[in-house]
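One line per chain: the protein sequences are A and B, in this order.
Counting from 1, one number per residue, gives the positions in the first sequence under our numbering.
Counting from 1001, one number per residue, gives the positions in the second sequence under our numbering.
Think of the CB as a built atom: it goes at the ideal place given N, C-alpha and C, for glycine as much as any other residue.
The model shown is predicted, which means the values in this text are computed figures rather than measured ones.
Written out below as structure tokens is the structure these notes cover.
2 protein chains.
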Amino acid sequence: MKSAVESSAAPGEETDRQPLPPGWKSYMSPEGLRYYVNSSSKETTWRRPSSSAGAPQRPLAQQNSSPYANGCHSSTKKGQPAEAMNVSLRKPMHKQPPGSISPAKRQIKEVKETKITINCVTFPLPGEGPEQQLLKPNEWSYCDYFWADKKDPQGTTSVTGFEVLLQKQLKGKQLQKEMAEFIHERIKIEEEYAKNLSKLSLSPLAAQEEGTLGEAWTQLKKSLHDEAEVHLKFANKLHTEVEKPLLTFRGDNFKKDLKKYDHHIADLRKQLASRYASVEKARKALADRQKDLEVKTQQLEIKLSNKTEEDIKKARRKSTQAGDDLMRCVDLYNQTQSKWFEEMVTTSMELEKLEVERIEWIQQHLRQYTTLRHETDMFNQSMVEPVDQLLQSVEPAKDRELWVKENKTSEVRPVDMDI
Amino acid sequence: MKSAVESSAAPGEETDRQPLPPGWKSYMSPEGLRYYVNSSSKETTWRRPSSSAGAPQRPLAQQNSSPYANGCHSSTKKGQPAEAMNVSLRKPMHKQPPGSISPAKRQIKEVKETKITINCVTFPLPGEGPEQQLLKPNEWSYCDYFWADKKDPQGTTSVTGFEVLLQKQLKGKQLQKEMAEFIHERIKIEEEYAKNLSKLSLSPLAAQEEGTLGEAWTQLKKSLHDEAEVHLKFANKLHTEVEKPLLTFRGDNFKKDLKKYDHHIADLRKQLASRYASVEKARKALADRQKDLEVKTQQLEIKLSNKTEEDIKKARRKSTQAGDDLMRCVDLYNQTQSKWFEEMVTTSMELEKLEVERIEWIQQHLRQYTTLRHETDMFNQSMVEPVDQLLQSVEPAKDRELWVKENKTSEVRPVDMDI
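Printed below as a string of structure tokens:
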């Protein structure tokens, strides 16, 4: 979106291809729509003016929303109940006085309120103004959904949409820390398990079993130590490939960067609020001036006082000045809002990208966890095989031979005694 | 082996097919060899006698060992140093007196000692007697190698070969108990591990992670509980399929049965010892009688005394009686030894069978252990798969959609303020 600046026709835009009549300039609204302003008559219109200058165009009342209203009055109306506090609504200001029509006044008609300003940010009312297209359709992008402030449940303060996005990123940092903690706990469990298995593998229980059965038993005991090694290796890899990365991903600088974003956007909001205050002040001043002019004009007509035409001209001049002031204030406000808008889009897209990266990074490292688990089970399985092989080659006959050779008491049988 | 009883020719045995000359009988020795005895002349020989009765056969000195020596003397000689105490050796008793030859005396020659009795059990001396074939060649069978007693290292007592075999079986029972203990310790380790994993699976860490990543994380945590279940199952199966069987295999009755064997064999040894004592006593009595006869004969010849022929006949009769007694004692001894021999063979074969069964039973149950280990690792692996699948389907875009729908603050962008 661009600021409301004077601009030539955009490509593809429908134009009359006629030069504008004198006094008329064309501008592009933030929505990307072209409008036209006559700075002398203070008229604004969506319709490209024809060469008959000076004549009022289609009255504003019949137009939807115009970027700038006539300097004399403002054109928002009270719509649905405000979502937040500090809603600034402006009621229609004037009735047409019977019979007295001044060029400026002639423009004053009852106009629909089409916009609403909440917390100094201006939105179109529902159903008013051209339908908005999402900046990034079908993407559920941050830049489309976080313009308004959110009232907090207690109802006393509100939080900007941007804050919500920021909090999400900070939360993400906390969650990754908690995941690291979880992995750490798993590591401790594995180390304990390994320690216990290793200790038991050194047990002298049944160490006196001999022969092929003894060998198989010895290997069975040893396999516990091998299993322990597998689990220790698992624990170590968990630490270096999952826990540590989870802890160190996006260090302290990350929080600092987020804070910078936070302050920058908050500053722009403050500026906006300040501009908005100026607009409200200028509006009031204009209202006062217009009232004064009206009163004086009435008084002249009914010869209530000795006010001269001179006084009325003065009042009218002041009124016009106030109108100009208001226009300038509104213009400045809109510029500031546009700047904030741009920064919001840029920064929220940055946060969106950070979130995608965060999710993908965590996904990758948790897959490393499952890979390590899988590996561990496979290694563990292979620790049993030597045991099974030795068990398969247990031979009672061989064991008997070994034992008998070792323990026999004689190789000679008794014979009968001779006399 | 059979007792030394009168028997007819065994099948395949070489015979002269002549009837034995009168006075001769044939017997089978414990070694399974046939020998012949002339009960009147008290001759014994391996060679089948020919019809010329009464004549002395090949002198004993030229024969290897004869089952029964001539009633007048015993025929063992001092051989290698005795392995155990209570070795009973008998020296050659007589020299041939010059000129005086009585029928009995004429048989007395110097004979080699071919047997040795150790702890009341009689063995052939090395190199003496027919070579012994193993009862169960190439099998290293218990029944071939545990006839002798074993001196214990301190040198004060000895232990029978049978005791050695029995101790092995009792040891085996202890070893199986120790194996059960080992398995029990493994079970405890598994239960602890399962408990820890299960507890950690309930951790609320990073529970606030949402969307597809949150789902994957939730499943990851849950998988720890699934792993815990696998290990618990392993522990339970270890208990019912390995530990408990190891504990209950061969219950208390086994020890009782072994004790029965122990006592039975020990009793037979006691009987043998008692018979042996009788033999020794009879031998001594015979020696006394023969001495007496000799003295009296000498005295007669040198007219030393007024001993009559009558006295000498009496002395000779007593001598002969003593000889008969000795023969009977030796016969009883040999019968008892044969009985003990038979029981030893039977029982040691039983123990041998028990040992084979023990080894095979343990082998089978330890293979059950490795099977369970293998299964456990496989089940464990499958617990990781759902986690990995969910991780694979993590989609940052989807998560953004879900989160934005839930947390968005507006769907409308700001627009410029109108005047």
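With its beta carbon less than 9 Å from one in chain B, A/N334 belongs to the interface. Listed along chain A are P414, each with a C-beta nearer than 7 Å to that of B/V1121. Annotation: Cβ neighbours of B/I1359 in chain A (cutoff 7 Å, chain order): L213, V394, P396 and D399.
Rounded to whole angstroms, the gap between the alpha carbons of B/L1202 and B/K1221 is 7 Å. Here the region 370-381 of chain A lies against the region 1382-1402 of chain B, with 3 or more beta-carbon pairs under 8 Å apart. Contact note: A/E209 reaches chain B through L1175, using a C-beta cutoff of 7 Å and chain order. Every alpha helix (DSSP H) stretch that sits fully inside the region 1181-1254 of chain B and reaches 4 residues is listed by chain position as 1211-1238 and 1244-1248.
Residue contact with chain A for B/F1234: absent (no Cβ-Cβ distance below 9 Å to any residue of chain A).
The C-beta of B/V1295 comes no closer than 9 Å to any C-beta of chain A. In this structure, A/A180 sits near A/L246, with a CB-CB distance shorter than 9 Å.
For A/T122, the enclosing beta strand (DSSP E) begins and ends at V121 to P124. The Cβ neighbour count for A/D288, taken over all protein chains shown within 10 Å, is under 16; the residue is labelled exposed. Residue environment for A/G161: buried (at least 16 other C-beta atoms within 10 angstroms of its C-beta). In this structure, A/N196 sits away from B/E1229, with a CB-CB distance that is not shorter than 9 Å.
For B/P1124, the residues of chain A that pass the 9 Å Cβ criterion are V412, R413, P414 and V415, in the order they occur in the chain. A direct Cα-Cα distance of roughly 45 Å separates B/E1280 from B/G1251.
B/K1112 carries a coil assignment under DSSP once its states are collapsed to helix, strand and coil. For B/I1362, the enclosing alpha helix (DSSP H) starts and ends at E1309 to Q1392.
Annotated three-state conformation of B/I1265 is helix, per DSSP. In this structure, DSSP gives A/W403 a helical state, which the three-state scheme calls helix.
Counting C-beta atoms within 10 angstroms of its own C-beta, A/I419 has 16 or more neighbours from the protein chains shown and is therefore classed as buried. In the same chain as A/I302, and ignoring 5 residues on each side of it, no C-beta atom comes closer than 6 Å to its own. If you compare the alpha carbons of A/K150, A/E139 and A/K136 with that of A/V121, the shortest gap goes to A/K150. In the displayed model, A/V415 falls within coil according to three-state DSSP, outside both helix and strand. Closest in C-alpha terms to B/T1218, from the list B/E1395, B/D1262 and B/V1387, comes B/V1387. Under the three-pair Cβ rule at 8 Å, the region 387-407 of chain A counts as touching the region 1345-1359 of chain B.
Residues of the same chain with a CB within less than 8 Å of the CB of A/L238, apart from the 5 flanking positions on each side, are I183, R186, I187, E190, Y369 and L372 in chain order. Chain B places a beta carbon closer than 9 Å to that of A/R367, counting this residue as a contact. In the three-state DSSP reduction, B/T1409 falls in the coil class, being neither helix nor strand. Annotation: Cβ neighbours of B/H1374 in chain A (cutoff 9 Å, chain order): Q381, V384, E385 and D388.
Of B/D1152, B/A1266, B/L1135 and B/E1178, the smallest CA-CA separation from A/T409 is found for B/D1152. A distance of 9 Å or more separates the beta carbons of A/T297 and A/A285. DSSP places A/S158 in the strand class (E or B) of the three-state scheme. Pairing A/W147 with B/P1414, the inter-Cα distance amounts to about 7 Å.
The beta carbons of B/Y1142 and B/L1165 sit about 6 Å from each other, so the pair counts as a contact at 8 Å. When the Cα atoms are used, A/E411 and B/I1116 turn out to be separated by approximately 14 Å.
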